[in-house]
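**Student:** In our numbering, the protein residues as written are 1438 to 1595.
(1) Label residue 1567 either buried or exposed according to how many other C-beta atoms from any shown protein chain fall within 10 Å of its C-beta, with 16 as the threshold for buried.
(2) How is residue 1465 classed by DSSP in three states: helix, strand or coil?
(3) If we ignore side chains and look at the alpha-carbon of each, how far apart do residue 1552 and residue 1492 end up?
(4) Would you check if there are 3 or more beta carbon pairs closer than 8 Å linking the region 1515–1528 to the region 1467–1486?
(5) Can you say whether residue 1504 is buried or exposed, counting buried as having 16 or more other CB atoms within 10 angstroms of its CB?
(6) Restricting to Cα atoms, I'd like to know which of 1548, 1572, 1579 and 1584 is closest to residue 1512.
(7) Consult DSSP for residue 1452 and reduce its assignment to one of helix, strand or coil.
(8) Classify residue 1556: buried if its beta carbon has 16 or more other beta carbons within 10 angstroms, exposed otherwise.
(9) Who are the near neighbours of residue 1531 in its chain, counting only those whose CB is closer than 7 Å to its CB and skipping five residues on each side?
(10) Answer with buried or exposed for residue 1592, where buried requires no fewer than 16 other C-beta atoms within 10 angstroms of its C-beta.
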């Protein structure tokens, strides 16, 4: 039987003696961590600004989108600040490496496909490929924060 109690949480009772309550804990975002993440993102943007000759616009746009998504989606969660900043920097390094690998594949494939065909393929597939590294790095960061939380709960509990 499913019912609501006075506090508004859902109560499931399978037997008269066995009652379970499912209530979402109210977690406030960690604004200090978010401000540190925004500062780290600004510092990385200032580092990338002189590299405009090496990096193209798509790399800068994809890394900037990754940084802001990472800061606003991962930094408010519970977890150590050092680990979050480390994951943000590691994600930027992966993004730069991804860009250089993609650029080298592009330079090699222009001679085989021709410049026009390569531009069409890059416009269509480029954002999808950038989305792959963003999602994979973000999910690794999320799982690392979750494992740190479980590790801390195990230390506290046992």
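The beta carbon of each residue, even a glycine, is placed where N, CA and C say it ideally should be.
**Tutor:** Looking at the atomic coordinates:
(1) One-based indexing of the chain shown puts residue 1567 at position 130. Answer is buried; the Cβ neighbour count reaches 16.
(2) Here residue 1465 corresponds to residue number 28 of the chain shown, with the count starting at 1. Here residue 1465 sits in coil by DSSP.
(3) On the chain shown, position 115 is the one that residue 1552 refers to. On the chain shown, position 55 is the one that residue 1492 refers to. In a straight line, the C-alpha of residue 1552 is about 19 Å away from that of residue 1492.
(4) yes
(5) As a working mapping, residue 1504 is identified with position 67 in the chain shown. Flag for residue 1504 reads buried.
(6) Within the chain shown, the letter at position 75 stands for residue 1512. Taking only the C-alpha atoms, the option nearest residue 1512 is 1579.
(7) Locating residue 1452 in the chain shown gives position 15, where the first residue counts as 1. Low local confidence applies: a pLDDT of 49 at residue 1452 is under 50, so the model's placement there is unreliable, and no value is given.
(8) Taking the first residue of the chain shown as 1, we reach residue 1556 at position 119. Result: exposed.
(9) Start at 1 with the first residue of the chain shown, and residue 1531 comes out as number 94. Excluding sequence neighbours, residue 1531 sits near 1570 and 1574.
(10) What you label residue 1592 is simply residue 155 of the chain shown in a count that begins at 1. Residue 1592 comes out exposed.
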